[in-house]
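Just so you know, the sequences run in chain order E and G. Numbering-wise, my numbering puts 371 at position 143 of the first sequence, and it's gapless, one number per residue. Numbering-wise, my numbering puts 271 at position 32 of the second sequence, and it's gapless, one number per residue. Note that CB positions come from ideal geometry on N, CA and C, so glycine has one too. Working notes, structure below.
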Amino acid sequence: MTVADIKIDKTSAGLAVFEQRIALLESRLAEVEDNQPEDKVSMVVFSGELDKVLAAFVIATGAAAVGQEVSMFFTFWGLNALKKQSKLAGKNVFEKMMGVMSPAGTEQLPVSKMNYFGVGAKMLRKMMKDKNVASLEEMMELARELGVKMVACEMSKDVMGIRDEELIDGLESGGVASFLGDSLTSKASLFI
Amino acid sequence: MSETPFDKVLDASGLNCPMPVVKARREVRSLEPGQVLKVISTDRGSVKDFQGWAKVDKKVDLVGQESEPPEDPVTYIHYVQLAK
């Protein structure tokens with residue numbers, strides 16, 4: 229059957245049914261349009277190793293550069309990448325232990341393979357510099373400049389005893405719902 | 240030599256992923272709609288990167304790409320237009 233074969237019932241009752249169906253289709257279309265993913269990339273940064281965090285920031289800056297909104301959710305070891313210092317005052321014994329054994333900033337992040345007590349991380353940094361690849365610190369600065377949203381997981385902060393004054397400025401604070409709010413409306417969602 | 244006209248040049252030689260795209264984005268935003276930015280890169284990956292950028296970003300069009308010299312290229316040139 230082609231379009232020309234369709235016989236429209238031109239009585240007023242027939243047209244009323246027709247109009248009703250169009251209205252229904254329009255409302256369904258609006259619904260579908262509302263549920264379209266946005267130009268957005270969201271990430272969970274769970275790892276706290278130099279190489280993995282770097283990968284996260286390469287993707288984040290790249291995505292922001294190509295016009296995507298980017299949101300990074302830092303949780304567990306990923307929070308170590310957001311530290312500017314380590315403060316032990318006012319922490320309980322476990323929190324202190326955690327603080328002493330964790331990197332106190334990006335400069336101290338280990339690599340996920342061949343770390344050898346930090347020698348591997350230093351070597352990787354040197355190799356990247358020789359190849360003119362931006363450092364993690366430069367990448368983070370760039371992400372800032374490009375408007376990448378960074379959220380620190382409230383629950384992880386609480387569990388690990390990480391205080392706000394230990395973290396860099398300009399972070400948002402949130403939980404799983406804030407991540408899901410970003411992730412479910414994103415075109416891509418990553419766990420690093 | 241290329242026939243593609245351009246309005247501004249960005250030399251991204253020596254820079255690696257994701258810097259050529261990141262820097263080009265900053266430059267192309269300073270253009271008028273319809274103007275073209277010529278980007279010179281030594282990063283082989285930039286060929287696909289610029290194609291990917293143009294594919295996802297409605298604000299830019301990739302109007303030309305070339306490499307020099309044609310055999311064993313050392314520089315990769317991209318022409319990015321700010322959409323009209």
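Does the beta-carbon of I287 (chain E) have 16 or more other beta-carbons within 10 angstroms, so that it is buried, or is it exposed? buried
What residues in the stretch 359-372 of chain E have a beta carbon less than 8 Å from any beta carbon of chain G? K359, N360, V361, A362, L370
Would you say G273 (chain G) lies against chain E (beta-carbon separation less than 7 Å)? no
Have a look at E:A293, E:E323, E:L307, E:E394 and flag the residue whose alpha-carbon is nearest the alpha-carbon of I420 (chain E). E:L307
Find the residues of chain G that neighbour V294 (chain E), judging by a C-beta separation of less than 8 Å, and give them in chain order. V260, R264, G291, W292, V295, D296
Quick check: is the beta carbon of G303 (chain G) nearer than 7 Å to any beta carbon in chain E? no
Along chain E, which residues have their Cβ under 9 Å away from the Cβ of G253 (chain G)? N360
Could you name each continuous alpha helix (DSSP H) segment of 4 residues or more that falls completely within the stretch 317-372 of chain E, going from the start of the chain to the end? 321-329, 347-358
Tell me the residue span of the beta strand (DSSP E) that contains S270 (chain E). 268-273
Exposed unless 16 or more other CB atoms sit within 10 angstroms - verdict on G273 (chain G): exposed
Could you name the residues of chain E that P257 (chain G) contacts, counting a contact when the two beta carbons are closer than 7 Å? V286, T289, G290, A293
Nearest residue (CA-CA) to L399 (chain E), options E:K385, E:G409, E:S411, E:A292: E:K385
Could you check what DSSP says for V313 (chain G) in three-state terms: helix, strand or coil? coil
Who pairs with M378 (chain E) in a beta bridge, going by DSSP? E:M300
Nearest candidate by alpha-carbon position, reference V313 (chain G), set G:V267, G:L254, G:E242: G:L254
Give me the Cβ distance between Q320 (chain G) and D300 (chain G), rounded to the nearest whole Å; I'm assuming they're in contact under 8 Å. 5 Å
Going by beta-carbon coordinates alone, are V455 (chain E) and G402 (chain E) separated by less than 7 Å? Residue 455 (chain E) is absent from the model: chain E starts at 229 and stops at 420.
Helix, strand or coil for L282 (chain E), going by three-state DSSP, please let me know. helix
Less than 7 Å separating the beta-carbons of K311 (chain E) and A292 (chain E)? no
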